[in-house]
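Read through the structure below, which is laid out as structure tokens, and then see the notes.
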Amino acid sequence: MIETLTTRRLELRPWRAEDAPDLYAVARDPQVGPAAGWQPHRSVEESAEVIRTVFASPETYAVVLRESGRPVGCVGLLFPSSSHFRIGATEAEVGYWIGTSWRGRGLMSEALGALVRRAFEELELTALWGCCFVGNGASRRVMEKCGFRYLRTESGLQGLADGSSQTGEILSLTRDAW
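Position one of the sequence shown corresponds to residue 226 (the numbering used here), numbered consecutively onward.
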């Protein structure tokens, strides 16, 4: 069962079917999905399907503004079977995105920080990994603010849903370093 995590400005909670219109409002923006490796959503129905399938994964959270109750992004953990690269059995890859209207406010660093805390304190993971496409400095800064350190640049990473590949920067944070 996914828990609800609360920060000063955010609630991280499981996605709900009724979130589909809010998800579509954010995920249809062509500046959101491609930076995270997916195509912009084309309909509320597509967003509802993503909630039922992709966002139903363990440890995947809607990033909800406490003041409005609206989801504006997503943060979650990908375990070894679903990670974009090889990781150990007690490790996970972080994934996140936030709508363009809410960028630059520290919200995603706040959300990722709460997830890092859960990963190390409650799930007892030993390391977290992250990847951002080269040129996505904002995503890299989110990880760095949460203690992740650059390890390497890797080419041939799965890029967009069209099958193209991208070059990504790999960062990591161990429980000991945290």
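Each residue gets a CB set at the ideal place from its N, CA and C atoms; glycine is no exception.
**Message:** Between which residues of its own chain and Leu-376 is the CB-CB distance below 7 Å, once the five residues before and five after are set aside?
**Reply:** For Leu-376, the CB contacts under 7 Å within the same chain, skipping 5 residues up- and downstream, are Ile-395, Leu-396 and Ser-397 in chain order.
**Cut-off 7 Å between Cβ atoms - residues of its own chain near Glu-228, not counting five sequence neighbours on either side** = none
**Asked** Taking the Cβ atom as the reference point for each residue, do Leu-353 and Val-341 lie within a distance shorter than 8 Å?
**Response** yes
**For Leu-348, three-class secondary structure by DSSP** = In this structure, DSSP gives Leu-348 a state outside helix and strand, which the three-state scheme calls coil.
**Asked** What is the rounded straight-line gap between the Cα of Arg-238 and the Cα of Gly-381?
**Response** If you draw a straight line from the Cα of Arg-238 to the Cα of Gly-381, it comes to about 33 Å.
**Request:** Say whether the region 297-306 touches the region 268-276, bearing in mind that this needs 3 or more beta-carbon pairs closer than 8 Å, one atom from each stretch.
**Result:** Counting Cβ pairs under 8 Å, fewer than three are found: no touch.
**Prompt:** Tell me which same chain residues have a C-beta within less than 6 Å of the C-beta of Trp-403, skipping the five on either side of it?
**Reply:** Phe-345 and Gly-372
**Message:** Closer than 8 Å is the cut-off here; do at least three beta carbon pairs connect the region 350-365 with the region 280-291?
**Reply:** no
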